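Below is one structure, written out as structure tokens; comments come after it.
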Amino acid sequence: MAAFKLKQPFHHAVAHLYWDPRLADVKLAQAQYLLARLAQFKTLVTDRFECTPSLILTGDFNSTPGQASTVCNILNVVSYVFRFFSILFLVTLYHRIDVWKNFPLCSVYASTRGEPLFTTYTPTFTNTLDYIFFSPSDSLMPVSTLQLPELDSGALSNYSHPSDHLPIGAKFEITKDQMFILRNERKSVYQKN
1 MAAFKLKQPF HHAVAHLYWD PRLADVKLAQ AQYLLARLAQ FKTLVTDRFE
51 CTPSLILTGD FNSTPGQAST VCNILNVVSY VFRFFSILFL VTLYHRIDVW
101 KNFPLCSVYA STRGEPLFTT YTPTFTNTLD YIFFSPSDSL MPVSTLQLPE
151 LDSGALSNYS HPSDHLPIGA KFEITKDQMF ILRNERKSVY QKN
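Everything in the sequence shown is counted per full-length UniProt numbering, starting at 1 for the first residue and increasing by one.
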């Protein structure tokens with residue numbers, strides 16, 4: 001994880017969740033841990049810079065669009081699944097979730113052009129597993145995404161794509177007032193040296 005301060009900080013995290021659908025509880029636990037750590041980091045950045053930072057979360061979530069274990073839906077699943085655990089655990093878990101509720105996530109592809117047909121294409125499985133999530137804000141907005149190949153380009157890996165996953169990408173726009181602060185800070189750093 002990293003935080004970058006423009007006028008308002010944002011942070012970027014990368015994740016890789018477990019793949020096996022028969023062990024969905026492992027993926028669920030990983031997603032819960034990820035969200036708890038991101039919430040903890042958000043609190044640290046919020047307290048230090050007195051702001052609400054934006055988030056870009058990228059990675060291989062090994063979840064198809066619409067699966068309950070995707071990060072956009074994980075809070076609902078976590079709160080439902082863990083209702084059956086002890087009260088002490090619930091208090092700890094709900095505290096972590098409450099911190100995160102004010103930090104919604106959207107898929108960059110879904111919000112700009114729709115989720116890709118696939119980010120992995122093998123002889124036995126073809127679907128989208130990789131995502132770029134962001135928290136909508138006035139200071140950081142997605143403007144475009146990387147164009148992905150069509151299904152007729154063949155299974156992965158191949159000559160053009162040496163991995164079983166396609167690279168995904170997005171361009172974000174930082175608002176002008178954010179850039180103004182960045183230029184001023186950069187200029188003052190150079191003047192001090």
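C-beta: ideal position from N, C-alpha, C; glycine also. Note that the coordinates shown come from a computational prediction; the quantities given were computed from them, not determined experimentally.
Give me the residue from the options with the minimum Cα distance to residue i.
i, options, result
"L34", "E150, D20, P53, T58", "T58"
"S54", "D60, T46, F61", "T46"
"E115", "A39, L148, P123, D20", "L148"
"T145", "S163, R113, T126", "R113"
"L129", "S137, L117, P142", "L117"
"residue 244", "M141, S137, T126, F125", "The chain is shown only over 1 to 193; residue 244 falls outside these bounds and no answer can be derived."
"S139", "Q40, I174, A36", "I174"
"N127", "L156, L23, K27, G169", "L156"
"S111", "F125, V143, T124", "V143"
"T64", "R48, K27, A36", "K27"
"F125", "D164, A36, G169, A39", "D164"
Assign residue i to buried or exposed, taking buried as 16 or more other Cβ atoms, counted over all protein chains shown, within 10 Å of its Cβ.
i, result
"A68", "Confidence at A68 is low in this model, with a pLDDT of 46, below 50, so the placement of that residue should be treated as unreliable; the coordinate-derived value is given next. That one is exposed."
"D152", "exposed"
"T43", "exposed"
"K171", "exposed"
"H16", "exposed"
"L23", "exposed"
"Y121", "buried"
Consider the C-beta atom of residue i and the heavy atoms of the ligand COA; say whether any pair is separated by less than 7 Å.
i, result
"T120", "As presented, the structure is devoid of all ligands, the ligand COA included, so that no description of it is given."
Taking 7 Å as the limit between beta carbons, can you name the residues of its chain near residue i, skipping five residues before and five after?
i, result
"L51", "Leu is not the amino acid found at residue 51; the sequence shown has Cys there. Around C51: Q8, P9."
"T92", "Any reading at T92 must be qualified, since the residue scores a pLDDT of 48, below 50, and its modelled position is unreliable; no value is offered."
"Q30", "L17, Y18"
In its own chain, which residues sit with a C-beta less than 6 Å from the C-beta of residue i, not counting the 5 before and 5 after it?
i, result
"L166", "T119, L148"
"W19", "N62"
"Y131", "F61, S107"
"V14", "T58, G59"
Excluding the five sequence neighbours on either side, which residues of its own chain have a C-beta within less than 8 Å of the C-beta of residue i, listed in chain order?
i, result
"G169", "I132, T145, L146"
"S160", "P149, S153"
Any beta-carbon of chain C closer than 8 Å to the one on residue i?
i, result
"L35", "Note that chain C does not occur in the displayed structure, where there is just one protein chain."
Report task. Identify every run of the beta strand (DSSP E) within the region 121–160, keeping only runs that are complete inside it and at least 3 residues long; order them along the chain. Result -> 130–134, 140–145
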